[in-house]
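Trainee:
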Amino acid sequence: MPPKPTTAILKKLRDVMKNTKYVCQNLQAYVIPSCDAHQSEYIEACDKRRAFISGFTGSDGTAIVTEKHAALWTDGRYFLQAQQELDENWILMKMGITGTPTFDEFLADVLPMGSHVGVDPFLMSFDSWNTLFKELKIKGHSLVPVEKNLVDVIWENKPVRPFNKVDCLQVRYTGKSWQEKVWDVQKEMQNENVSALIVTALDEIAWLFNLRGSDIQFNPVFYAYAVITLNSVFLFIDPERLSSEAKTSLENSSQSNMNLKFCSYDSIMDRLKNIINEKNEGKIWISKESSYALVSLIPEERRHLHITPICVKKAIKNEQEIESSRNAHIKDAAALCEFYCWLSKEINNGNVTEIDAAKKLEDFKKLQNDYVGPSFETISSSGPNGAVIHYRPTEETNRKVTTEEMYLCDCGSQYRDGGTTDVTRTMHFGTPTAFEKVCYTLVLKGHIGLSSAIFPKFAKGHRLDSFARRPLWDYGLDYMHGTGHGVGAFLNVHEGPMGIHYRTYTNDPGLQAGMILSIEPGYYEDGKFGIRLENLGLVKEIKTTHNFRDAGFLTFEPLTLVPFQAKFIDPSLLNDNEIKWLNEYHVTCHEVIGKILEEQGKTEALQWLLKETQPLG
1 MPPKPTTAIL KKLRDVMKNT KYVCQNLQAY VIPSCDAHQS EYIEACDKRR
51 AFISGFTGSD GTAIVTEKHA ALWTDGRYFL QAQQELDENW ILMKMGITGT
101 PTFDEFLADV LPMGSHVGVD PFLMSFDSWN TLFKELKIKG HSLVPVEKNL
151 VDVIWENKPV RPFNKVDCLQ VRYTGKSWQE KVWDVQKEMQ NENVSALIVT
201 ALDEIAWLFN LRGSDIQFNP VFYAYAVITL NSVFLFIDPE RLSSEAKTSL
251 ENSSQSNMNL KFCSYDSIMD RLKNIINEKN EGKIWISKES SYALVSLIPE
301 ERRHLHITPI CVKKAIKNEQ EIESSRNAHI KDAAALCEFY CWLSKEINNG
351 NVTEIDAAKK LEDFKKLQND YVGPSFETIS SSGPNGAVIH YRPTEETNRK
401 VTTEEMYLCD CGSQYRDGGT TDVTRTMHFG TPTAFEKVCY TLVLKGHIGL
451 SSAIFPKFAK GHRLDSFARR PLWDYGLDYM HGTGHGVGAF LNVHEGPMGI
501 HYRTYTNDPG LQAGMILSIE PGYYEDGKFG IRLENLGLVK EIKTTHNFRD
551 AGFLTFEPLT LVPFQAKFID PSLLNDNEIK WLNEYHVTCH EVIGKILEEQ
601 GKTEALQWLL KETQPLG
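Numbering of the sequence shown is given in UniProt numbering, commencing with residue 1 and proceeding in unit increments.
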């Protein structure tokens, strides 16, 4: 598919950058971030302004338009995709590559001294705003808030924001009532001498109130804000959006002295000003990842700029959330075994495309109890498309899945009983080359190395990243994406504040028992193939021979139970401990998923599973 033509769109944007109807002074540059007003990673169509202006559809990236230039920054997951989707007007800035300028360096190079750089203050976090503001000031430029989003001004037929029904997630799945969660948060507020907590992240609001929605595709969240004080709770949502069960749950606030008040979603700015003025003593707690527009309302001396207590509490799953996640992964694995069994046979007919495969996988998943839908758009990629790390098949790019090439499938599910999954397997249904087997086995070695790692409590994720990369490094290979991300409980498939990455996470509290993270090393040959092997792992405590300073140690328990393809493995590259781990993992897959497939009468899938879980010598 040819890139989206952007010449006319860029001209319109540059015109409004000089139009005093929309800006207080002429802008020499305009910044278009990827996120929405809640700094969400995954956003709805109405907020995809960067995609509209540039044509680049990846989930992460920032566009900057000046009077003569248009540049887009994105990371290694999207280099190939961006090259394919950007037209000749755009300069691709490859983040993480030596020599790639930062925003301020680029602007300092192309702008005249004293230039004004505009941005929608709702679409940039306070932390990012402060950093860019200071960097631009040093170079003689100013960062200015633009009240009316300029992309919205020129966006004809812009999609409307959805306001879908919001449902209640029952306590038997959440493990705690929303009132108990609020009490826990209020205790944290008292400890920090905080009079109010402002919550802007959509998944934090959904988790806190045990509510789930569908305003953003694949993410069971809804547009809302919340403010918690020591004696009141303000929820910025139209009550008419709530299902009868959700209303009943929230109306119980009177019995628990919660003093819950509903406010209009669009009244957040005015109501927040009033709340700040009324609570004229004590700090106001807000994450520095919240928008500059909201944080700037709080007097500087009253700002308590830290990640919210909800963020960490949400990441550490309780026993019921863990049990729900285990059940979700069992159901998901059963569907995937059916899918790969079907594909291994159907591929010989020569008619299966990437899109066909993705649709068939969805059909199998729909047969599982409490299945809601995908947790992200399925990455179904054959041959060279697998090298595009976040590839999604379209009618223009759709390839056949054949016995001559690798097939990479990265998929996830949302289950109403409390689980979110994310799993990637790479398969070859013919005969892989010796080099392909080496690459696959090195990725598998990295996966096993991290999955079996033992590490101290509160170790930061960046300390573990090399466990997954070392086998590839030994061969002079690597991959340009993170190794692991947190995953929610019937929530967002990407969840902070922790992660496993070669970069540090600013708010990383350290790994703790109960967290769920992905483990997903990979290797990609541009224009040829892609390999990624991903499980979700539960962080759990482990007994060690010694216990340095009584710190306590942790490891991972695999939640994903889908076999790795034996024909793709070069056993000579695995040591005894790696073979032992793999065989024990396959025994678990065999016993747990085999039992489910047998109960469901899935005889062919069961036979496929038994074949794929034979011990490796």
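All C-beta atoms in this analysis are idealised placements derived from N, C-alpha and C, irrespective of residue type, glycine included.
CB-CB under 7 Å to residue 618, same chain, minus the five flanking residues each way: which ones, in chain order?
Mentor: No answer is possible for residue 618: the residues shown for the chain start at 1 and end at 617.
Trainee: Using a threshold of 8 Å, state whether the C-beta atoms of Ala358 and Pro393 are closer than that.
Mentor: Position 358 of the sequence shown, counted from the first residue, corresponds to residue 358. Position 393 of the sequence shown, counted from the first residue, corresponds to residue 393. A contact, by the Cβ cut-off of 8 Å.
Trainee: Considering only the beta carbon of each residue, do residue 618 and Phe568 sit closer than 8 Å?
Mentor: Since the first and last residues shown for the chain are 1 and 617, residue 618 lies out of range.
Trainee: What's the gap between the Cα of Gly61 and the Cα of Leu202?
Mentor: Start at 1 with the first residue of the sequence shown, and residue 61 comes out as number 61. Start at 1 with the first residue of the sequence shown, and residue 202 comes out as number 202. C-alpha separation (whole angstroms): 20 Å.
Trainee: For a minimum of 4 consecutive residues, which ranges assigned as the alpha helix (DSSP H) are wholly contained in the segment 264–342?
Mentor: 268–278, 292–295 and 309–315
Trainee: Helix or strand or just coil, what does DSSP make of Phe376?
Mentor: The count along the sequence shown starts at 1 and reaches residue 376 at position 376. If DSSP states are grouped into helix, strand and coil, Phe376 belongs with coil.
Trainee: Which residue from Ser214, Asn210, Phe209 and Lys313 puts its Cα closest to that of Glu44?
Mentor: Position 44 of the sequence shown, counted from the start, is the residue given in the question as residue 44. Comparing Cα positions, the closest option is Ser214.
Trainee: Do Ala71 and Met95 have their C-beta atoms within less than 8 Å of each other?
Mentor: In the sequence shown, counting from the first residue as 1, residue 71 sits at position 71. In the sequence shown, counting from the first residue as 1, residue 95 sits at position 95. In this structure, Met95 does not lie closer than 8 Å to Ala71 by Cβ.
Trainee: If Leu536 sits next to His329, beta carbons under 8 Å apart, how far is it from one beta carbon to the other, in whole angstroms?
Mentor: Along the sequence shown, read from residue 1 onward, the residue named residue 536 stands at position 536. Along the sequence shown, read from residue 1 onward, the residue named residue 329 stands at position 329. So it is a contact: roughly 7 Å between Cβ atoms.
Trainee: If we require 4 or more residues per run, which alpha helix (DSSP H) segments fall completely within the UniProt domain "Creatinase N-terminal" (10–148)?
Mentor: 49–54, 79–85, 103–110 and 126–138
Trainee: Among the residues of its own chain, which have a CB less than 7 Å from the CB of Glu346, if the five just before and after it don't count?
Mentor: In the sequence shown, counting from the first residue as 1, residue 346 sits at position 346. If we look at Glu346 and ignore the five residues flanking it on each side, its Cβ neighbours are Val352.
Trainee: Kindly indicate which residue of Gln600, Leu107 and Tyr42 has the alpha-carbon position closest to the one of Ser375.
Mentor: The sequence position of residue 375 within the sequence shown is 375, counting from 1. In this structure, Tyr42 is the residue among Gln600, Leu107 and Tyr42 with its C-alpha nearest to the C-alpha of Ser375.
Trainee: Taking 8 Å as the cut-off, does the segment 156–170 touch the segment 322–339 (at least 3 CB pairs, one atom from each stretch)?
Mentor: no
Trainee: One question on the structure: do Ser125 and Glu289 come within less than 8 Å of each other, judged by their Cβ atoms?
Mentor: The count along the sequence shown starts at 1 and reaches residue 125 at position 125. The count along the sequence shown starts at 1 and reaches residue 289 at position 289. Yes.
Trainee: Determine the direct distance from the alpha carbon of Phe364 to that of Ser382, and round the result to whole angstroms.
Mentor: Within the sequence shown, the letter at position 382 stands for residue 382. Within the sequence shown, the letter at position 364 stands for residue 364. Per the coordinates, the alpha-carbon of Ser382 lies some 20 Å from the alpha-carbon of Phe364.
Trainee: Over the uninterrupted alpha helix (DSSP H) stretch that includes Lys400, give me the two end residues.
Mentor: Start at 1 with the first residue of the sequence shown, and residue 400 comes out as number 400. No alpha helix (DSSP H) holds Lys400; DSSP gives it neither H nor E.
Trainee: Cα separation between Glu111 and Lys400?
Mentor: Mapped onto the sequence shown, residue 111 falls at position 111. Mapped onto the sequence shown, residue 400 falls at position 400. The sequence as given places Leu at residue 111; Glu does not occur at that position. If you take the alpha carbons of Leu111 and Lys400, they lie about 47 Å apart.
Trainee: Rounded to whole angstroms, what's the CA-CA distance from Lys137 to Ala108? Just pull it up for me.
Mentor: For the purposes of this step, residue 137 is identified with residue 137 of the sequence shown, where counting begins at 1. For the purposes of this step, residue 108 is identified with residue 108 of the sequence shown, where counting begins at 1. Near 10 Å, if we compare the C-alpha coordinates of Ala108 and Lys137.
Trainee: Within 8 Å, do at least three Cβ pairs link the segment 295–310 to the segment 467–476?
Mentor: Short answer: they don't touch.
Trainee: According to DSSP, is Phe209 helix, strand or coil?
Mentor: Translated into the one-based positions of the sequence shown, residue 209 becomes position 209. Residue state, collapsed to three classes: helix.
Trainee: Label Met498 either buried or exposed according to how many other C-beta atoms from any shown protein chain fall within 10 Å of its C-beta, with 16 as the threshold for buried.
Mentor: Translated into the one-based positions of the sequence shown, residue 498 becomes position 498. Result: buried.
Trainee: Do Val144 and Val117 have their C-beta atoms closer together than 8 Å?
Mentor: Start at 1 with the first residue of the sequence shown, and residue 144 comes out as number 144. Start at 1 with the first residue of the sequence shown, and residue 117 comes out as number 117. The Cβ-Cβ distance between Val144 and Val117 falls below 8 Å.
Trainee: Would you give the residue range spanned by the alpha helix (DSSP H) that Leu472 belongs to?
Mentor: Working through the sequence shown from its first residue, we reach residue 472 at position 472. For Leu472, the enclosing alpha helix (DSSP H) covers residues Asp465 to Asp474.
Trainee: Compare the C-alpha of Asp422 against each of Leu533, Pro571, Ala387 and Ser344 and name the closest.
Mentor: Taking the sequence shown and counting its residues from 1, the one referred to as residue 422 is at position 422. Nearest C-alpha to Asp422: Leu533.
Trainee: I believe Leu86 touches Phe56 by the beta-carbon criterion, under 8 Å. Please report the beta-carbon distance rounded to the nearest angstrom.
Mentor: The residue given as residue 86 occupies position 86 in the sequence shown. The residue given as residue 56 occupies position 56 in the sequence shown. Right, their Cβ atoms sit about 6 Å apart.
Trainee: Taking only three categories from DSSP, how would you classify Met498?
Mentor: Stepping through the sequence shown from its first residue, residue 498 is reached at position 498. Met498 falls in the strand class under three-state DSSP.
Trainee: Name the one or two DSSP bridge partners that Asp167 has.
Mentor: Locating residue 167 in the sequence shown gives position 167, counting from the first residue. Answer is Arg212.
Trainee: When the Cα of Ile579 is compared with those of Gly446, Ser54 and Ala513, which residue comes out closest?
Mentor: Position 579 of the sequence shown holds residue 579. Looking at the Cα atoms, Gly446 is the closest of the given residues.
Trainee: Out of curiosity, what's the CA-to-CA distance linking Lys611 and Cys589?
Mentor: The count along the sequence shown starts at 1 and reaches residue 611 at position 611. The count along the sequence shown starts at 1 and reaches residue 589 at position 589. Rounded to whole angstroms, Lys611 to Cys589 spans 12 Å at the Cα level.
Trainee: Find the nearest neighbour of Asn26 within the set Thr7, Gly58, Arg50 and Glu67, judged by alpha-carbon distance.
Mentor: Translated into positions along the sequence shown, residue 26 becomes position 26. Nearest C-alpha to Asn26: Glu67.
Trainee: Using three-state DSSP, classify Pro239 as helix, strand or coil.
Mentor: Start at 1 with the first residue of the sequence shown, and residue 239 comes out as number 239. Of the three classes helix, strand and coil, the one that applies to Pro239 here is helix, per DSSP.
Trainee: Helix or strand or just coil, what does DSSP make of Lys261?
Mentor: One-based indexing of the sequence shown puts residue 261 at position 261. Lys261 falls in the strand class under three-state DSSP.
Trainee: Which term fits Val587, buried or exposed, when burial requires 16 or more other beta carbons within 10 angstroms of its beta carbon?
Mentor: Here residue 587 refers to the residue found at position 587 when the sequence shown is read from its first residue. When all chains shown are included, Val587 counts as exposed.
Trainee: Below 8 Å on the Cβ atoms is my guess for Leu367 versus Ala335; work out the distance and round it to an integer in Å.
Mentor: Within the sequence shown, the letter at position 367 stands for residue 367. Within the sequence shown, the letter at position 335 stands for residue 335. Indeed they touch by this definition, with Cβ atoms about 7 Å apart.
Trainee: Please list the terminal residues of the continuous beta strand (DSSP E) segment that includes Asp570.
Mentor: In the sequence shown, counting from the first residue as 1, residue 570 sits at position 570. It is not in any beta strand (DSSP E) - Asp570 carries neither H nor E in the DSSP assignment.
Trainee: Beta-carbon separation of Trp73 and Val194 under 8 Å?
Mentor: By one-based count along the sequence shown, residue 73 stands at place 73. By one-based count along the sequence shown, residue 194 stands at place 194. No.
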